[in-house]
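In the working numbering, the protein residues as written are 61 to 507.
Cβ atoms here follow ideal geometry from the backbone N, Cα and C, with glycine treated the same way.
This one's a predicted model, so the numbers in the text were calculated from it and none came from an experiment.
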């Protein structure tokens, strides 16, 4: 493994892990706040226990995300000094604001965890809600920095110099809103399905059924918002990519020939040497309509661009197909659940429906990782699109592969610790969080 590949692999691994923690941190506090709101409105102690259980999970994931995020910030400087030398002064503002949001989140989560019976009940609830708002803001601000890499603006590039820097314009670049919207919707979908799947499994075990059923239904509600919102946000993002990065769009579809009335490609195996895609299902004119609302609009093909500016076509195309595949499945599961909710109430307690959500537990995060692969790999060979190539930004320091192995070990260790802590939290539900369980009452009587 040469140093350039090792540096890219390390960033890919780090982002792949951190994005899961980030998305949970963006969404899970809202589930917690909703459960807390239900408790305040109904005075049902099960909702109180659910709020406390989820709040401990939020705290665990917050700490894990803080560690992985700190590692990522160091990696940017250590692995890509050429990039940070020029980009830091331009897009430093969203990172600074993200740090502010992080501190607000840390303070709010401390208030929430230790504020039971100490604060006014609605101020206490607001602290929990603020955890979600600040977590969401953190995610959006980091996405703004990434969007700048795809749509660099806020400076003049003259004779290799970055002049007339405008950090505000750089932060609110053309790619910011489409990426932030799609990322936020995807986070709700992925986290909602993951949480729903865990509680569906626990319902099937027939322990603490009321507790887990309430948790399951709240999580499904958030999952459906994400699942049905994803096609809309994805449409906004696709139109933005078509306008700003037509070569990325062409790679996503393995679209080699420029043509009017371009077909939308499903599946297929790209052949870069022969410049064609084999075994694909093509839906005539749909791609043209999706990118411009015109069935006969022209869509540029890869052949219109220099070969040395092509991203890895197969990786981008397969990742895009994976994202679409799992997104459609989650929409289908959501549609079945809504049909059951409105017309077939008896289905809601059926094992087959719970098993469906259990199987769908990882689907949102698979789609999320695939989507980020499209975003990042589809930008290659540029680290700043059209301005700086990735190979020109990498550190000259040798031995990066050892750093890759070390960071891999850290992230695997973090994941194992996280699984252990969350599993222990689930095991403690009967004793600490479910007031309808005899073990909970026994514990309270002894205390």
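Can you give the beta carbon distance from residue i to residue j, rounded, assuming they're within the 8 Å contact cut?
i, j, result
"residue 161", "residue 119", "With 8 Å as the limit, residue 161 and residue 119 do not qualify as a contact, their Cβ atoms being about 17 Å apart."
"residue 165", "residue 195", "5 Å"
"residue 242", "residue 296", "7 Å"
"residue 316", "residue 363", "6 Å"
"residue 434", "residue 376", "6 Å"
"residue 93", "residue 185", "7 Å"
"residue 73", "residue 466", "Incorrect: roughly 11 Å between the Cβ atoms, too far for contact."
"residue 214", "residue 230", "3 Å"
I need the DSSP call for residue i, collapsed to helix, strand or coil.
i, result
"residue 490", "helix"
"residue 368", "helix"
"residue 177", "coil"
"residue 359", "strand"
"residue 266", "coil"
"residue 508", "Here the chain covers residues 61 to 507 and nothing more, so residue 508 does not appear."
"residue 80", "helix"
"residue 226", "coil"
"residue 62", "coil"
"residue 506", "Here residue 506 scores only 48 on pLDDT, less than 50, and its place in the model is too uncertain to base an answer on."
"residue 234", "coil"
"residue 246", "helix"
Hey, how far is the Cα of residue i from the Cα of residue j?
i, j, result
"residue 253", "residue 87", "11 Å"
"residue 309", "residue 236", "17 Å"
"residue 170", "residue 314", "49 Å"
"residue 461", "residue 422", "29 Å"
"residue 490", "residue 268", "7 Å"
"residue 507", "residue 399", "Any answer about residue 507 is weak, because its pLDDT of 44 lies below 50 and its placement is not dependable; what the coordinates show is given next. Going from the Cα of residue 507 to the Cα of residue 399 covers about 46 Å."
"residue 64", "residue 368", "17 Å"
"residue 216", "residue 205", "18 Å"
"residue 172", "residue 180", "11 Å"
"residue 469", "residue 75", "15 Å"
"residue 202", "residue 158", "7 Å"
"residue 255", "residue 221", "48 Å"
"residue 271", "residue 109", "8 Å"
"residue 358", "residue 124", "46 Å"
"residue 318", "residue 134", "42 Å"
"residue 456", "residue 98", "55 Å"
"residue 459", "residue 111", "47 Å"
"residue 304", "residue 488", "50 Å"
"residue 485", "residue 95", "17 Å"
Every unbroken alpha helix (DSSP H) inside the region 83–156 [4 residues or more]: 105–139
Residue ranges of each beta strand (DSSP E) within the region 420–447, 3 or longer: 442–444
Completely contained alpha helix (DSSP H) runs for the region 281–356, where each covers 4 or more residues: Complete alpha helix (DSSP H) runs here, min 4: 306–313 and 346–352.
Sufficient close CB pairs (3 or more, under 8 Å) joining the region 128–135 to the region 72–88: Taking 8 Å as the limit for Cβ pairs, the verdict is that the region 72–88 does touch the region 128–135.
At least 3 beta-carbon pairs within less than 8 Å: the region 375–386 vs the region 266–282: Result no; under three Cβ-Cβ pairs closer than 8 Å.
Contact between the region 253–269 and the region 401–414 (3+ Cβ pairs under 8 Å): yes
At least 3 beta-carbon pairs within less than 8 Å: the region 205–215 vs the region 444–454: yes
Alpha helix (DSSP H) runs contained entirely in the region 374–419, provided each spans 4 or more residues: 411–419
Touch test, the region 291–307 against the region 336–343, Cβ-Cβ under 8 Å, three pairs minimum: no
Cβ contact (3+ pairs, closer than 8 Å) linking the region 414–430 and the region 387–402: yes
Every unbroken alpha helix (DSSP H) within the region 458–486, with a cutoff of 4 residues, ordered by chain: The region 458–486 contains no whole alpha helix (DSSP H) run of 4 or more residues.
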